[in-house]
Each structure stands twice: as C-alpha cells, then as structure tokens.
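In my numbering, the protein residues as written are 293 to 356. For glycine and all other residues, C-beta sits at the position ideal for the given N, C-alpha and C. Have a look at the structure below, then the notes.
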Amino acid sequence: MIIFLQRIGFSRETVLYIRANFNDFIEIDNGKIFLKKGILNSSNKDIRKELNDLDSNISEYIHD
C-alpha cells in the first residue's frame, strides 16, 4: 500500500498518515486499493495540498 500511494504521488509522510488512518481513507475492492471519497475533505492540510498537486488521473483511484 505504501509503494502504491507513493507511486501515485503522495509523499512518504502523507502515506504514513493515510496508513495510520487506514479505515478513514482506504478501501480495498477485489484486491485493488482505492482512496475513499472522504479523503477529499480531510482535515489534514498536507493531504489536501498533495491531492491538489497530483495528476488529474487521481479520480480513478477515488472510490465512492
């Protein structure tokens, strides 16, 4: 999961925060990792900043 999140553009620090809050931000569906839609409204400013900086294709990793 850490490598996947870093590969799509998250920093190591943000990945560690996401992992620590796994149930809030991550969903696994048929063996694939997705970000829960709620991550878009995270109270963590670093997550919000990195989401804004990531490639527009990030939407393919967001799960409703």
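Contact defined as beta carbons within less than 8 Å: I believe residue i pairs with residue j. What is the distance between those atoms, to the nearest angstrom?
{"i": "Phe314", "j": "Tyr353", "result": "Not quite, the Cβ-Cβ distance comes to about 15 Å (not below 8 Å), so this is no contact."}
Report buried or exposed for residue i, applying the criterion of at least 16 other Cβ atoms within 10 angstroms of its Cβ.
{"i": "Ile295", "result": "exposed"}
{"i": "Ile331", "result": "buried"}
{"i": "Leu297", "result": "buried"}
Near residue i, which residues of its chain fall below 7 Å by C-beta distance, leaving aside the five closest residues on each side in sequence?
{"i": "Thr306", "result": "Asp338, Ile339 and Glu342"}
Leaving out five residues on either side along the sequence, give the residues of the same chain with a beta carbon under 6 Å from the beta carbon of residue i.
{"i": "Lys329", "result": "Ile354 and Asp356"}
{"i": "Glu319", "result": "Phe326, Lys328 and His355"}
{"i": "Gly301", "result": "Leu346"}
Assign residue i to one of three DSSP states: helix, strand, or coil.
{"i": "Leu346", "result": "coil"}
{"i": "Ile300", "result": "coil"}
{"i": "Asp356", "result": "coil"}
Do residue j and residue i count as a contact pair if the criterion is CB distance below 8 Å?
{"i": "Tyr309", "j": "Asn344", "result": "no"}
{"i": "Arg304", "j": "Met293", "result": "no"}
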